[in-house]
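**Q** Residue numbers (the working numbering): 1192 to 1331.
All C-beta atoms in this analysis are idealised placements derived from N, C-alpha and C, irrespective of residue type, glycine included.
Sending over a structure as structure tokens; questions will come in a sec.
Structure, rendered in structure tokens:
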């Protein structure tokens, strides 16, 4: 009986973790690479800190310096992207240092501002995990 309870509890926990992870849409690095190479129209929202953005970012990325998107001040930095996002139906790719909490905070904030989440993606592994540095630019 105890064994069944443990199995049941584990199953519920696993389902909860899976459900939480499923709330966000991630784009794998190889897929994003293909999008960049094909010239797919998209809006790249980069939340990296200023020094990180200057060191490495994607051409055409919107610099927000909003990382980690926890405070009201950091969230307000994303407001500058809303006009550009609203002007098109293009997909949105959120780039943060590692594709974790800051990206999820950005996703949640943009969703709360009315951005259709079917357009939003988080770059898996973020800027630090990007395996194709030759596709990045530096400076501002």
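For my contact list, residue 1326 and residue 1224 are in at a C-beta cut-off of 8 Å; report their separation, rounded to the angstrom.
**A** Taking the chain shown and counting its residues from 1, one reaches residue 1326 at position 135. Taking the chain shown and counting its residues from 1, one reaches residue 1224 at position 33. Contact flag correct, Cβ pair sits at about 7 Å.
**Q** Rounded to the nearest angstrom, what separates residue 1287 and residue 1277 at their Cα positions?
**A** Taking the chain shown and counting its residues from 1, one reaches residue 1287 at position 96. Taking the chain shown and counting its residues from 1, one reaches residue 1277 at position 86. Using only the alpha carbons, I get a separation of about 21 Å.
**Q** Considering just the uninterrupted stretch of the alpha helix (DSSP H) at residue 1299, what are its terminal residues?
**A** Counting from one through the chain shown, the residue named residue 1299 turns up at place 108. Counting along the chain, the alpha helix (DSSP H) containing residue 1299 begins and ends at 1292-1303.
**Q** Find the nearest neighbour of residue 1323 within the set 1216, 1220 and 1331, judged by alpha-carbon distance.
**A** As a first step, residue 1323 is located in the chain shown; it is residue number 132 there, counting from the start. Ranking the options by Cα distance to residue 1323, first place goes to 1220.
**Q** Figure out for me which residue from 1252, 1317, 1262 and 1280 has the closest Cα to the Cα of residue 1305.
**A** As a first step, residue 1305 is located in the chain shown; it is residue number 114 there, counting from the start. Of the listed residues, the one whose Cα sits closest to residue 1305 is 1280.
**Q** Between the stretch 1295-1304 and the stretch 1243-1250, can you find at least three pairs of beta-carbon atoms closer than 8 Å?
**A** Cβ pair count under 8 Å is below three, so no.
**Q** Rounded to a whole number of angstroms, what is the C-alpha to C-alpha distance between residue 1229 and residue 1308?
**A** Walking along the chain shown from the start, residue 1229 turns up at place 38. Walking along the chain shown from the start, residue 1308 turns up at place 117. If you take the alpha carbons of residue 1229 and residue 1308, they lie about 23 Å apart.
**Q** Sorted by chain position, which residues of the same chain lie with C-beta nearer than 6 Å to residue 1152's C-beta, five sequence neighbours on each side aside?
**A** Nothing about residue 1152 can be reported from this structure: the residues present for the chain run from 1192 to 1331 only.
**Q** Helix, strand or coil, according to DSSP, for residue 1307 in the structure here?
**A** Locating residue 1307 in the chain shown gives position 116, counting from the first residue. Of the three classes helix, strand and coil, the one that applies to residue 1307 here is coil, per DSSP.
**Q** Below 8 Å between beta carbons: does that hold for residue 1253 and residue 1237?
**A** As a position in the chain shown, residue 1253 is number 62, starting the count at 1. As a position in the chain shown, residue 1237 is number 46, starting the count at 1. Contact flag set, yes.
**Q** DSSP state of residue 1260, grouped into three classes?
**A** Counted from its first residue, the chain shown places residue 1260 at position 69. Of the three classes helix, strand and coil, the one that applies to residue 1260 here is coil, per DSSP.
**Q** Just to confirm the assignment, what range does the beta strand (DSSP E) spanning residue 1276 have?
**A** Taking the first residue of the chain shown as position 1, residue 1276 is located at position 85. Run containing residue 1276: none in the beta strand (DSSP E); it sits in the alpha helix (DSSP H), 1270-1277.
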